[in-house]
Structures are given as C-alpha cells and as structure tokens.
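Asks:
There are 4 protein chains.
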Amino acid sequence: MKVTVVVGNPKPQSRTRKVAELLVEKLLAPGYELEVIDLADHTDEIFAWPSEKLAALNASVAESDLVLFASPTYKATYTGLLKAFLDRYPANGLAGVTAIPVHTGADFTHAMGPTVTLAPLLAELGAIVPGRGFYLALSQMEQLDEVVEQAAREYATNFARLALVAQGTTSPAHS
Amino acid sequence: MKVTVVVGNPKPQSRTRKVAELLVEKLLAPGYELEVIDLADHTDEIFAWPSEKLAALNASVAESDLVLFASPTYKATYTGLLKAFLDRYPANGLAGVTAIPVHTGADFTHAMGPTVTLAPLLAELGAIVPGRGFYLALSQMEQLDEVVEQAAREYATNFARLALVAQGTTSPAHS
Amino acid sequence: MKVTVVVGNPKPQSRTRKVAELLVEKLLAPGYELEVIDLADHTDEIFAWPSEKLAALNASVAESDLVLFASPTYKATYTGLLKAFLDRYPANGLAGVTAIPVHTGADFTHAMGPTVTLAPLLAELGAIVPGRGFYLALSQMEQLDEVVEQAAREYATNFARLALVAQGTTSPAHS
Amino acid sequence: MKVTVVVGNPKPQSRTRKVAELLVEKLLAPGYELEVIDLADHTDEIFAWPSEKLAALNASVAESDLVLFASPTYKATYTGLLKAFLDRYPANGLAGVTAIPVHTGADFTHAMGPTVTLAPLLAELGAIVPGRGFYLALSQMEQLDEVVEQAAREYATNFARLALVAQGTTSPAHS
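Protein chains in written order, with our numbering: chain A, 282 to 456; chain B, 282 to 456; chain C, 282 to 456; chain D, 282 to 456.
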C-alpha cells in the first residue's frame, strides 16, 4: 500500500507534519510504503507552469492509496500553499484516492475546519474521506499520543464498516 | 446488509425519493434489506419529545449499514425537515454508518450543496461519506437512468478502493 | 426601525433567546420597535401548507430592517426548526433585510458555525450579514454582558464603515 | 473613497480581472481612487517572509474602504494564490473593510462558491460582505454588461438598506 503525507505548512518540518506522521503510524499495520511531501520545500515552482518537479509530486500523490493532507489552520481553513498544490490537478484529479484531512490549530475555535472546508475540497477532486477530518489543538500536545490513537481507532473502525458495505455493492467493472 | 433511504421532502412520494431508490438499486447487488422513511409521513411528531415513533425511526437508521439521505434543494441546502430528524440524534449518533447525501434541484446552480453542506453534517454525526454527494438536476430527468448508473459506478469504485485500504489498517479492536 | 429576533430553539424561552435580545439592546439606540418570534411556539404549523399564522410571521420578518436569527448549535449548525421556518420563503425572500446570525453552544468546538453555515444560508435568501456571525459559548455566560457588548461594538463599527461606502455607490434607483 | 481589486488568477490580465473592474465601475459613483492588484505579478514573493513588497500590498488592501476579491473557480472555490495572499494577514487583518467576493467559472456548477467559501473566509478576517458573492459563468459573457449591472444594482440596494440600519445603531465610540 502506498501512503503519502502532504504537508501544507509554508515552514518545513512543522508540528503539523509530525502529527500527520504519527496518525499514519497509528492507523496502519506495518508493510506500507510512506512518502512525505513537505510543500515548504517546493514553493519556488508552486506557481510555475509547467513544472516537472511539481508534476512528479502531483502524480505521486494521485497514485497513492491513502493520503493525509495536513495543514496548520490559517484563517479558519487550510493554507494557500496546500490549495495551490491541489489547484494543479485537473478536475477529478484525486479520483479513487482515500484522503484524510488533518488540521492543527491553537485552540478549538476552528475545530470544524478540516470537516467543513478541507474535506469538501478533497471530495470535489474525487477523493474519498473516511469520516470526519482530524483536528488537533496545540493545547492537546501533551496528550498527543492518546488523542491520535483515538482518532486512528475511529478511522480503523470506519474502514472496517466500509469494507463490509463494499462487499454488498455491485462490481464496479460490471455495473 | 441493512439499507435505508431517508427522504427529507415535506411532500411524500417525491421525485427525490425515486432518485434515491434508483441509486440504491443500481449501487447494490441483490440480497439487501431496504427500508424507506419518507419524513413527510412523520411531521406531526418531528418536534415532539419524547416520541416513540421517531425514536424507532432514528434507531432504525442508526443501525443501518448504508443510508441514503435524500433531500430536495431548499435555499441551496438540505431541508429543515431532514435537519430536524437528524437533530434528534445525540452527538455521534450515526457513528459507523455509511451515508450518501443526495440532493435534487431545478438546475445546477446549487450542485455543490450535497458535498459542501449535507456531507459535513453527516460526518459531524459520525457517518462516513464515500465520495462526493450526488446531485441531480431536474433537467437530467430524461437521462435519469444513465446519470444514476454513472454515480453508482463511481461509488462502487470508491468502495472497492476503500476496501483495499481497509486491509492495511490496524484492527480497530487492537489499536 | 423594525427589528425582529427569530429564535430557532425547539424549547421556548431559551438562553439563546436572551442572548439575542441582549445583543439587540446593546447594538441599537433607543427608538426601535422589537418583535420576538420564538419558533418553539409555532411548531404545530411549521410544515403545514398553507398556514396563515406562519405566513404572517414570515411576512413580518421579511419586512424588518434588522433581524437576529438565533439558534442553539445542533450538530455543528443551526436547528432544523430554524431551517424549516426559512424554507417557507420563496427565492430571495429576505432581500434587503440586514441579518445577524447568532449561535450558542457548549464550548468553542462549533464556533465557526454561524459564520460558515448560517451566514451563507441567510445570504442565499438575499439578506445582508454585516460581519462575522456571533457565537457564544456557555462557558462565557458569566461574562455575558462584556462579550455581547464587544460584539455589539464590532457590528456598530461595521455599520459605520458600511454607511461610508454606501455614500459612494450609485443610487440604486438610477443604476 | 479608496477601492481595490485583488485578482487571484495565477495568469495576469484575466477575464476575472475585467469582470471585477466592470463591477466597480457599475457600482460606484465617480470620485473614487482605484488600485488593481494582479497577484499573478507577485507570485515570486508570495511565500517569502518577510517581504516588503507583499507587506505594502497587504497594507494597501487593508486600508481600502471597499475591496473586490476576484478569483477564477479552482476546485469549486477560490485559488490557492488568493488564499496565500490572505494568509499573510494576522487575525482580523481586514477588520472594517467592505469586501465583495467575485468568482468566475465555466458554468453554474460552482455558482455557490463565492457565497459559501470566499465570503466566510473574508468574514473570518473581519471584512464585511454586503450580500451574496457574485458569480459569473463564462456562458454569460455575451450578456456581461447586463449581468454585472444587475449585480451592481443589488449591491447598491443593499448598501442603501445598510445605511438606514446604521442610523439606528449606537455610536461605536460610545457603546
């Protein structure tokens, strides 16, 4: 299974990145291949068109089975940097990718962000969001492990339920 | 597999209901049990508290594996009737339920509705939305069969992808 | 000036109502006419069509200069009862009405609600929202007076700025 | 009166820019000072911190009485470029600015965008949005003049109504 973490913080090596990496670790059984794309390392070509470097990153994300899109909360929603990366896709450019929105923020004032702003954006691109978005307030940093563990358990439960429903659907090839 | 269609149109037997029923038929292989709840039949107790009748309906929906929440577009979003039904749940009251938002509307002006308004509401309740919301414009009624078939195929593809990812997650019991 | 408070709590005489009434008192100079519509008193006909009683309430709100739409937070957004009342309007039914969205909630988790869910709904109906929505967490009840006073001051400042811009626009009659 | 148009299209001199400029022309009586900021000209420093050039642009926008934020529709919402510009503000950085959200798009599928995504973002920054966001579909280009004229008339009507309400509010200095 190919897993990617895309980090939308304009500053590299952020806490937001660490939170997303921890969620991957807690959510997945060993045996996956992980790539982390810290968009802070690629701001120079984010508005260049065409860009071989960005095209390769976009392709790598679109070919993933699971992607965590992680962003600090800027103005109650995801960063412009993350959006600029997603803007490079054509319509439906993340079709079939399972995507988990992750926001971090100072307190809970913007806790709705990943669910009401980033999740619909990912769905618009064709991605599938398996539940609520994950929000971490910095006041929770001391309980980071437990908070992320609980979120991982919730997503794992959701996946188990989705797999059951999947068995009852018509084969996509035939329908 | 237990499947439910919840219809939020204040008028019973609506086209919205028929559209949702057709999506169920196209999406699922035979062998499921289907219940249709036309909320128009239950407006008398929708604000009564407690209400045995409504409690039974709420429970039936929450115990379903898959639920289609179908609403005509009222003021660019789902109806107050559908929201009033969902308001009766406690926090996380649809945990683990797979839910597909379905809106119908006159034209495409409010096509974003099921994805940006109903899907986040269902996620807030703990439900899992496997992709974009489904929107049908009345101008598409003549191609209803093809349009719904294509949506069903997209959801079926999404479910197949989700089932793959599910195999790589930690067991919810252990994590 | 005609001012109306519409309260969407299914229970009458709520704290949400008191909060909205206090905001009116703090925001406006004496000399206005105030009507309070507690929708809890009108649930019996909210889905009846036609309904003389509801039609009169709808008309009264639409003829107001300023309306506060106040709702407790249910599932991260406004109540189904408030939405059911708004659903009775035709398209653009609140054209030209100045409207302030007010949500109350247990804590700040859903503080984005009035700005990202109720404000766009009111705008869809043609109303004009003069700034952010107002959110009050119950943990703020002891500082209620100061919190509401600050919100009133912010709206008053916004109105003063809007009045300046208004002077520079073309006359609506001529344009 | 100081008026600014901020254009979020990564390509300069876009149709989106022309549409926003036309709306300014139709909405305002002569006598205003207009600045147009085409963000496409400033992508090189949009993620640089600090940046004198960007700081000057941010300040100029924040000191305006009226700002039109204009963006083509990318993934159903505003561009990452526009968001990256807005991300440079501190909390409440557009306090008191009257702001009109303008989106252009291929058809009406994403017509809700300026009202449900850009307007709440501007409100979060403290700006005041005087009504719905303005959306123009490219299929309307032949009736551009009439469509923009009608939008201008609607905003002008809203401003006239807001000015009336402003007269009844407490003075912001005293309250």
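Quick reminder that beta carbons are idealized off the backbone N, C-alpha and C, glycines included.
Values in this document were obtained by computation on a predicted structure and should not be read as measured data.
Can you tell me whether asparagine 339(D) is buried or exposed? The criterion is at least 16 other CB atoms within 10 Å of its CB, across all chains shown.
Replies: By the 10 Å Cβ count, asparagine 339(D) comes out buried.
Asks: Do alanine 365(A) and leucine 362(D) have their C-beta atoms within less than 8 Å of each other?
Replies: Taking 8 Å as the Cβ cut-off, alanine 365(A) and leucine 362(D) qualify as a contacting pair.
Asks: So with CB distances below 8 Å, who are the chain A contacts of histidine 384(C)?
Replies: What histidine 384(C) touches in chain A: nothing, since even the nearest Cβ is about 12 Å away.
Asks: Taking contact to mean at least 3 C-beta pairs separated by less than 8 Å, is the stretch 283-302 of chain B in contact with the stretch 423-434 of chain A?
Replies: Output reads no: the stretch 423-434 of chain A does not touch the stretch 283-302 of chain B.
Asks: Taking the alpha helix (DSSP H) that leucine 338(B) falls in, what are its first and last residues?
Replies: From DSSP, the alpha helix (DSSP H) with leucine 338(B) extends over 333-343.
Asks: Check proline 293(A) in the structure and name its three-state DSSP category.
Replies: Here proline 293(A) sits in coil by DSSP.
Asks: Less than 8 Å between the CB atoms is what I'm expecting for leucine 315(B) and threonine 451(A), so what's the real figure, rounded?
Replies: No, leucine 315(B) and threonine 451(A) are not in contact; Cβ-Cβ is about 15 Å, not under 8 Å.
Asks: Is the Cβ-Cβ distance between serine 341(D) and histidine 384(D) less than 8 Å?
Replies: It is not a contact, given that the beta carbons lie outside the stated cut-off.
Asks: Measure the alpha-carbon distance for leucine 445(D) versus threonine 396(A) and round it to whole angstroms.
Replies: C-alpha separation (whole angstroms): 38 Å.
Asks: Whose C-beta lies closer than 7 Å to the C-beta of serine 345(C) among residues of the same chain, with five residues either side of it excluded?
Replies: Cβ neighbours of serine 345(C) beyond the five flanking positions: Lys283, Val284, Thr285 and Val378.
Asks: Do threonine 390(B) and alanine 392(D) come within 8 Å of each other at the CB atom, strictly closer than that value?
Replies: Going by C-beta atoms, alanine 392(D) is nearer than 8 Å to threonine 390(B).
Asks: Nearest by alpha-carbon distance to tyrosine 416(B): which of Ala408(B), Asp319(B), Ala380(B) and Asp388(B) is it?
Replies: Of the candidates Ala408(B), Asp319(B), Ala380(B) and Asp388(B), the one whose C-alpha sits nearest the C-alpha of tyrosine 416(B) is Asp388(B).
Asks: With a threshold of 8 Å between beta carbons, is tyrosine 436(A) in contact with chain D?
Replies: So no, tyrosine 436(A) is outside the interface.
Asks: Does asparagine 439(D) pass the burial test, meaning 16 or more other C-beta atoms within 10 Å, or should it be called exposed?
Replies: Classification for asparagine 439(D): buried.
Asks: At 3 residues or longer, what runs of the beta strand (DSSP E) sit wholly inside the stretch 396-444 of chain D?
Replies: Complete beta strand (DSSP E) runs here, min 3: 415-418.
Asks: For threonine 360(A), does the three-state DSSP call read helix, strand or coil?
Replies: Three-state result, threonine 360(A): coil.
Asks: Below 9 Å on C-beta distance, what does alanine 444(B) contact in chain D?
Replies: Here the premise fails: no neighbours, minimum Cβ distance about 27 Å.
Asks: My output table needs one value for phenylalanine 328(A): the three-state DSSP class, helix, strand or coil.
Replies: Looking at phenylalanine 328(A) - three-state DSSP - the assignment turns out to be coil, as it is neither helix nor strand.
Asks: Spell out whether any CB of chain A is found under 8 Å from the CB atom of threonine 354(C).
Replies: Chain A, which has no Cβ nearer than 8 Å to the Cβ of threonine 354(C), makes this no.
Asks: Is the CB of phenylalanine 366(B) under 8 Å away from at least one CB in chain D?
Replies: No, no contact with chain D.
Asks: Against chain B, does arginine 413(A) count as a neighbour if the rule is that its beta carbon must be under 8 Å from one of theirs?
Replies: Yes - at least one Cβ of chain B is within 8 Å of the one on arginine 413(A).
Asks: Out of curiosity, what's the CA-to-CA distance linking glycine 414(D) and alanine 404(B)?
Replies: Each residue's alpha carbon lies about 26 Å from the other.
Asks: What separation, rounded to the nearest whole angstrom, lies between the Cα atoms of histidine 368(A) and alanine 329(D)?
Replies: Checking the sequence shown, residue 368(A) turns out to be aspartate, not histidine. Cα-Cα distance, rounded: 20 Å.
Asks: Within the same chain, show all residues whose beta-carbon is closer than 7 Å to that of valine 305(D), passing over the 5 residues directly before and after it, in chain order.
Replies: Answer for valine 305(D): Val284, Val286, Leu315 and Leu349, listed in chain order.
Asks: Sort out for me which residues DSSP pairs proline 353(B) with in a bridge.
Replies: In the DSSP output, where bridge partners are listed per residue, proline 353(B) has Thr385(B).
Asks: If the cut-off is 7 Å on Cβ atoms, which residues from the stretch 392-412 of chain C count as contacting chain B, listed in chain order?
Replies: Cβ contacts with chain B come from Leu402, Glu405 and Leu406.
Asks: For chain B, find out if any of its Cβ atoms is closer than 8 Å to the Cβ of threonine 450(A); answer yes or no.
Replies: True, the Cβ-Cβ gap to chain B drops below 8 Å.
Asks: What does the alpha-carbon distance come out to for the pair alanine 441(A) and lysine 307(A)?
Replies: The alpha-carbon atoms of alanine 441(A) and lysine 307(A) are separated by roughly 15 Å.
Asks: What's the C-alpha gap between proline 401(C) and glycine 394(C)?
Replies: Near 10 Å, if we compare the C-alpha coordinates of glycine 394(C) and proline 401(C).
Asks: Helix, strand or coil: which one does DSSP assign to alanine 380(A)?
Replies: Three-state DSSP puts alanine 380(A) in a strand.
Asks: Apply the 10 Å Cβ neighbour rule to histidine 455(B) and answer buried if 16 or more other Cβ atoms are within range, or exposed otherwise.
Replies: Interpretation of histidine 455(B) is limited by its pLDDT of 49, a score under 50 that renders its predicted location unreliable; no figure is taken from the coordinates.
Asks: Is the Cβ-Cβ distance between leucine 375(A) and leucine 406(A) less than 8 Å?
Replies: Against a cut-off of 8 Å, the Cβ pair of leucine 406(A) and leucine 375(A) comes out as a contact.
Asks: Determine the chain B residues that contact threonine 390(C) at a beta-carbon separation under 8 Å, and present them in chain order.
Replies: Those do not exist, as threonine 390(C) stays about 10 Å from chain B at its closest Cβ, beyond 8 Å.
Asks: Could you give the distance in angstroms between the alpha-carbon of aspartate 325(A) and the alpha-carbon of lysine 292(A)?
Replies: The alpha-carbon atoms of aspartate 325(A) and lysine 292(A) are separated by roughly 13 Å.
Asks: If you measure beta-carbon to beta-carbon, which residues of the stretch 284-307 of chain A are closer than 7 Å to chain D?
Replies: Flagged, chain order: Pro291.
Asks: Buried or exposed for threonine 411(A), going by 16 or more other Cβ atoms inside 10 Å?
Replies: The residue asked about is misnamed: residue 411(A) is proline in this sequence, not threonine. Classification for proline 411(A): buried.
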